[in-house]
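Novice: If you read the protein sequences in the order shown, they are chains A and B.
Counting with the working numbering, you get residues 10 to 208 for the letters of the first sequence.
Counting with the working numbering, you get residues 153 to 371 for the letters of the second sequence.
Cβ coordinates follow ideal geometry from the N, Cα and C atoms, glycine included.
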Amino acid sequence: MFGKRAFQLLKEQASCEDGQLIQFDQDAFDKVIKECDEHNNQLQSSIRKIEEQKLDIQTTRNENHFGAVIHHLSLIRNKRCLMSYMYNRAEIIQSYKWKNIGRILPREIQKKLNYSELEYFKNHSAVVDSYINELDLDLTVDMVPPKDPYIRVRVLDEIGNEVSLGDLALSLTKDSLHFLRRTDAEPFISQGLMEEFLE
Amino acid sequence: MASSWDEEFGSAGPTEEEAGSDVELLKRAWRNEKASPEILQFQSELIRRVHEQIQLQEERVEEFVNDKMDDLVVSLHQMDLDRTQYLLKSYLRIRLHKIEKYMFHISKTDLLNRLSEQEQIFTQRCIEIMEKHLHQSVLSKLPYGYQSVTKQSISSEEDDMVPAPELDTFVFCKTKSAVGAFQLDEMGDEIVDLVADDLYVLRYKSIKGLVENGQIDLI
Numbered sequence: 010m011f012g013k014r015a016f017q018l019l020k021e022q023a024s025c026e027d028g029q030l031i032q033f034d035q036d037a038f039d040k041v042i043k044e045c046d047e048h049n050n051q052l053q054s055s056i057r058k059i060e061e062q063k064l065d066i067q068t069t070r071n072e073n074h075f076g077a078v079i080h081h082l083s084l085i086r087n088k089r090c091l092m093s094y095m096y097n098r099a100e101i102i103q104s105y106k107w108k109n110i111g112r113i114l115p116r117e118i119q120k121k122l123n124y125s126e127l128e129y130f131k132n133h134s135a136v137v138d139s140y141i142n143e144l145d146l147d148l149t150v151d152m153v154p155p156k157d158p159y160i161r162v163r164v165l166d167e168i169g170n171e172v173s174l175g176d177l178a179l180s181l182t183k184d185s186l187h188f189l190r191r192t193d194a195e196p197f198i199s200q201g202l203m204e205e206f207l208e
Numbered sequence: 153m154a155s156s157w158d159e160e161f162g163s164a165g166p167t168e169e170e171a172g173s174d175v176e177l178l179k180r181a182w183r184n185e186k187a188s189p190e191i192l193q194f195q196s197e198l199i200r201r202v203h204e205q206i207q208l209q210e211e212r213v214e215e216f217v218n219d220k221m222d223d224l225v226v227s228l229h230q231m232d233l234d235r236t237q238y239l240l241k242s243y244l245r246i247r248l249h250k251i252e253k254y255m256f257h258i259s260k261t262d263l264l265n266r267l268s269e270q271e272q273i274f275t276q277r278c279i280e281i282m283e284k285h286l287h288q289s290v291l292s293k294l295p296y297g298y299q300s301v302t303k304q305s306i307s308s309e310e311d312d313m314v315p316a317p318e319l320d321t322f323v324f325c326k327t328k329s330a331v332g333a334f335q336l337d338e339m340g341d342e343i344v345d346l347v348a349d350d351l352y353v354l355r356y357k358s359i360k361g362l363v364e365n366g367q368i369d370l371i
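1) Enumerated in chain order, which unbroken segments of the beta strand (DSSP E) with a length of 3 residues or greater are wholly contained in the region 175 to 226 of chain B?
2) Are there three or more Cβ pairs, one per stretch, closer than 8 Å when the region 74 to 92 of chain A is compared with the region 30 to 45 of chain A?
3) Is the region 71 to 79 of chain A touching the region 92 to 110 of chain A, taking contact as three or more C-beta pairs under 8 Å?
4) How many Å lie between Ser292 (chain B) and Leu248 (chain B) at the Cα?
5) Please confirm whether Cys90 (chain A) has its beta-carbon closer than 8 Å to some beta-carbon of chain B.
6) DSSP on Gly76 (chain A), reduced to helix/strand/coil?
7) How is Ser104 (chain A) classed by DSSP in three states: helix, strand or coil?
8) Classify Arg212 (chain B) as buried or exposed, calling it buried when 16 or more other Cβ atoms lie within 10 Å of its own Cβ.
9) Measuring alpha carbon to alpha carbon, tell me which residue in A:Ile85, A:Asp151 and A:Gly12 is nearest Gln304 (chain B).
10) Among B:Glu252, B:Leu233, B:Arg180 and B:Ser289, which has the Cα closest to the Cα of Phe274 (chain B)?
11) Counting only Cβ pairs nearer than 9 Å, list the residues of chain B close to Tyr105 (chain A).
12) Are the region 145 to 152 of chain A and the region 177 to 188 of chain A touching by the rule of at least three beta carbon pairs closer than 8 Å?
13) Assuming Ile258 (chain B) is part of the alpha helix (DSSP H), what are its boundary residues?
14) In chain order, what residues of the same chain have a beta carbon less than 7 Å from the beta carbon of Leu286 (chain B), not counting five sequence neighbours either side?
15) Among A:Leu30, A:Asn123, A:Lys106 and A:Phe206, which has the Cα closest to the Cα of Ser134 (chain A)?
16) Might you give, ordered along the chain, the residues of its own chain that have their beta carbon closer than 6 Å to the beta carbon of Leu52 (chain A), omitting 5 neighbours on each side?
17) Roughly how far, in whole angstroms, is the beta-carbon of Gln237 (chain B) from the beta-carbon of Asp151 (chain A), given that I think they are within contact range, below 8 Å?
18) Which of the three DSSP states, helix, strand or coil, is assigned to Asp345 (chain B)?
19) If you check the beta carbons only, do Val123 (chain B) and His257 (chain B) fall under 8 Å apart?
20) Determine whether the Cβ of Thr167 (chain B) lies closer than 8 Å to any Cβ atom of chain A.
21) Going by CA-CA distance only, name the one from B:Asp311, B:Gly332, B:Ser173 and B:Arg245 that's closest to Asp350 (chain B).
22) Kindly indicate if chain B contains any beta-carbon less than 8 Å away from that of Cys25 (chain A).
23) Can you tell me which of the three DSSP states Met203 (chain A) falls into?
24) Output, in chain order, the set of chain B residues within a Cβ distance shorter than 7 Å of Glu143 (chain A).
25) For Val136 (chain A), count neighbouring C-beta atoms within 10 Å of its own C-beta (all shown protein chains included) and say buried if the count is 16 or more, exposed if not.
26) Below 8 Å, can you find three or more Cβ-Cβ pairs linking the region 191 to 201 of chain A to the region 184 to 204 of chain B?
27) Quick one, which of A:Glu195, A:Pro154 and A:Val153 has its alpha-carbon nearest Arg163 (chain A)'s?
28) Near Met153 (chain B), what residues of its chain come up, given a Cβ to Cβ distance below 6 Å and the 5 sequence neighbours on each side ignored?
29) Tell me whether Tyr352 (chain B) sits in a helix, a strand or coil according to DSSP, three-state version.
30) Considering only DSSP beta bridges, list what Tyr238 (chain B) is partnered with.
31) Say whether chain A places a C-beta atom closer than 8 Å to the C-beta of Val290 (chain B).
32) Determine the DSSP secondary structure at Tyr124 (chain A), reduced to helix, strand or coil.
33) From the beta carbon of Arg247 (chain B), is the nearest beta carbon of chain A less than 8 Å away?
34) Mark Asp223 (chain B) as exposed unless 16 or more other C-beta atoms lie within 10 angstroms of its C-beta, in which case mark it buried.
35) Looking at C-alpha atoms only, which residue of B:Ser242, B:Gln288, B:Tyr254 and B:Lys250 is the closest neighbour of Ala316 (chain B)?
36) Is the beta carbon of Leu239 (chain B) closer than 8 Å to that of Leu177 (chain B)?
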C-alpha cells in the first residue's frame, strides 16, 4: 500500500509524549526516500510512454496518465509526511533552547537526533542568542510571573563549592538549602539542578 | 505603582501618569499578543519607553541597597521591577514563538511589516537555518521537481506547504467603546451589536480589524 511506511513514521512520532522526541528512525526514513525514488521512476516511465505514443501530455487521459497521477500523488504524500516528521522534530528541538537546557544537550537527547538535527539545534541557539544580545535582555529567565523576589531552593545535584551568584559566593553542595533571588536561581531550576522548596 | 514611591522619595523618575499607564499599556499589548493567533503590530515606542524605565528603576534599586534602605522597601521596588520585566520579556517571547512557528508565512505576507527590525533579522535567520536543515535531511534526497520547501512540487501553482495561523479560532474579547452593528462575516449573515465594555466570544477573523484599531481588546 502506497504511503504506509511514511504513515508509520509519523505514527511513531505522534505516539510520543508531547514535547518529547523518539529516536530518529533512519531506517524507516531511508525506506520512504527509496519509495519516492521508485514512484518517480514509474512516473517518468509513464510520461515517456505517453510521449512515445505521440499523444498530448496535458490532455491525454489513458492508463499511463492515471498511473502517472497516482505515482505523483503518492510521491507528494510521502514528501509531506517526511517534511512533517522533520518539521515537528525541529519544533521540539527549538523548545530545548527555551527550556534553558544549556549549550550542549544531555546525552539521552543527543542520541535521539540525527546529524542535521544536532547542527540545527546549534544554529537555532545561536540565532536566538544573537537576538537576545541585540536587545540586551536575557529572555531565557523570568519564565513565570514573579511571586516573590526571593525563594528557598534545595540543591539537587552537586553544583560546586565556590559558586558566585551576583556578589555572593555560595557553597552549592547536594541537598543544601539556600534563600536566593529568583533570577539567580532560575537557570539552575530549569536545568533540574535545584528545586524550589515550598513549605 | 512604581511612581508613587518616586513622589515620596523625590527622585527624578517618570511622572505618575506616564509610568502607571505605560505598564498598563504593556499589559494590554501582552494580553492581546497572548490571545491572538497571529502576530500583531510591534509596539516599538512603548517597548523603548518600558525598557528605559526598567533600567532607571534597576539603578534606583541599587542605590537603595547601597544606601542601606529598609529591606521591605527595597523588595517592594524589586517586586515591581520584576513584574514589569516579566511582562516585557513574556511579550517578546510570545512574538518570537509565533515567528518560529510561522516563519515562512510571515516572510511571504505583509505580516513581516508588523515586526521590529531585530525580529525581521531573526525571521530571516530562522528561515535560513530551517531551509538548510530540511534541504540537508530530506529535500536533497527527493527526486528533481520535488525539492522545494514551500511547494509540494514544481507543478504546484502556489506555495502549498506553508503553515499559517488559524484565524478562525474563537477568542474572548472586550469592547472599549461602542461599535454598533457589526458584520461578522462576508456574507452578511450575522450581525452583532457591539456595545461598549461588554464581553464577547467571537472568531478572531471577524474582529481582526477592530483589534488593530484598538477598539477591542483580547482577553
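Specialist: The answer reads as follows:
1) none
2) yes
3) Verdict: no, contact absent.
4) Looking up residue 292 (chain B) in the second sequence gives position 140. Looking up residue 248 (chain B) in the second sequence gives position 96. Approximately 29 Å between the Cα atoms of the pair.
5) Locating residue 90 (chain A) in the first sequence gives position 81, where the first residue counts as 1. Judged by the 8 Å Cβ criterion, Cys90 (chain A) is not in contact with chain B.
6) Position 67 of the first sequence, counted from the first residue, corresponds to residue 76 (chain A). Helix at Gly76 (chain A).
7) As a first step, residue 104 (chain A) must be located in the first sequence, where it is residue number 95. DSSP places Ser104 (chain A) in helix when its eight states are reduced to three.
8) Within the second sequence, residue 212 (chain B) is the residue found at index 60, counting from 1. Label assigned to Arg212 (chain B): buried.
9) As a position in the second sequence, residue 304 (chain B) is number 152, starting the count at 1. Nearest C-alpha to Gln304 (chain B): A:Ile85.
10) Within the second sequence, numbered from 1, the residue matching residue 274 (chain B) stands at position 122. Among B:Glu252, B:Leu233, B:Arg180 and B:Ser289, the Cα nearest to that of Phe274 (chain B) belongs to B:Glu252.
11) The sequence position of residue 105 (chain A) within the first sequence is 96, counting from 1. The contacting residues do not exist; Tyr105 (chain A) stays about 12 Å from chain B at best.
12) no
13) In the second sequence, the residue the question calls residue 258 (chain B) occupies position 106. Residues Met255 to Lys260.
14) In the second sequence, counting from the first residue as 1, residue 286 (chain B) sits at position 134. Only Val301 meet the Cβ criterion.
15) Position 125 of the first sequence, counted from the first residue, corresponds to residue 134 (chain A). Nearest to Ser134 (chain A) by C-alpha distance, out of A:Leu30, A:Asn123, A:Lys106 and A:Phe206, is A:Lys106.
16) To locate residue 52 (chain A), count along the first sequence from 1; it is residue 43. Once the five neighbours on either side are set aside, the close Cβ partners of Leu52 (chain A) are Ala77, His80 and His81.
17) In the second sequence, residue 237 (chain B) corresponds to position 85, counting from 1. In the first sequence, residue 151 (chain A) corresponds to position 142, counting from 1. About 6 Å separates the two Cβ atoms, so the contact holds.
18) Here residue 345 (chain B) refers to the residue found at position 193 when the second sequence is read from its first residue. Reduced to three states, the DSSP call for Asp345 (chain B) is strand.
19) What the structure shows of chain B is the stretch from 153 to 371, and residue 123 (chain B) is not part of that stretch, so it cannot be assessed.
20) Your numbering for residue 167 (chain B) matches position 15 in the second sequence. Model confidence at Thr167 (chain B) stands at a pLDDT of 45, short of 50, so the residue's coordinates are unreliable; what they give is reported in the following sentence. Not an interface residue.
21) In the second sequence, the residue the question calls residue 350 (chain B) occupies position 198. Ranking B:Asp311, B:Gly332, B:Ser173 and B:Arg245 by Cα distance to Asp350 (chain B) puts B:Gly332 first.
22) In the first sequence, residue 25 (chain A) corresponds to position 16, counting from 1. No - not a single Cβ of chain B is within 8 Å of the one on Cys25 (chain A).
23) Taking the first residue of the first sequence as position 1, residue 203 (chain A) is located at position 194. Met203 (chain A) falls in the strand class under three-state DSSP.
24) Indexing the first sequence from 1 puts residue 143 (chain A) at position 134. Under the 7 Å cutoff, chain B gives Gln270.
25) Locating residue 136 (chain A) in the first sequence gives position 127, counting from the first residue. Burial call: buried.
26) no
27) For the purposes of this step, residue 163 (chain A) is identified with residue 154 of the first sequence, where counting begins at 1. Arg163 (chain A) has its Cα closest to that of A:Glu195, out of A:Glu195, A:Pro154 and A:Val153.
28) As a position in the second sequence, residue 153 (chain B) is number 1, starting the count at 1. Summary for Met153 (chain B): the model assigns pLDDT 46, below 50, so the residue's position carries little reliability, and this model does not support an answer.
29) Locating residue 352 (chain B) in the second sequence gives position 200, counting from the first residue. Looking at Tyr352 (chain B) - three-state DSSP - the assignment turns out to be strand.
30) To locate residue 238 (chain B), count along the second sequence from 1; it is residue 86. Paired residues: none, contrary to the question.
31) Counting from 1 along the second sequence, the entry for residue 290 (chain B) is found at position 138. Chain A, which has a Cβ nearer than 8 Å to the Cβ of Val290 (chain B), makes this yes.
32) Residue 124 (chain A) sits at position 115 when you count from the first residue of the first sequence. Helix, per DSSP.
33) Counting from one through the second sequence, the residue named residue 247 (chain B) turns up at place 95. No, Arg247 (chain B) lies away from the interface with chain A (no Cβ there is under 8 Å from its Cβ).
34) Along the second sequence, read from residue 1 onward, the residue named residue 223 (chain B) stands at position 71. The residue in question, Asp223 (chain B), is exposed, as its Cβ has fewer than 16 Cβ neighbours within 10 Å.
35) Residue mapping note: residue 316 (chain B) aligns to position 164 of the second sequence, counting from 1. With distances taken between Cα atoms, Ala316 (chain B) lies closest to B:Tyr254.
36) As a position in the second sequence, residue 177 (chain B) is number 25, starting the count at 1. As a position in the second sequence, residue 239 (chain B) is number 87, starting the count at 1. No, the Cβ-Cβ distance between Leu177 (chain B) and Leu239 (chain B) is not below 8 Å.
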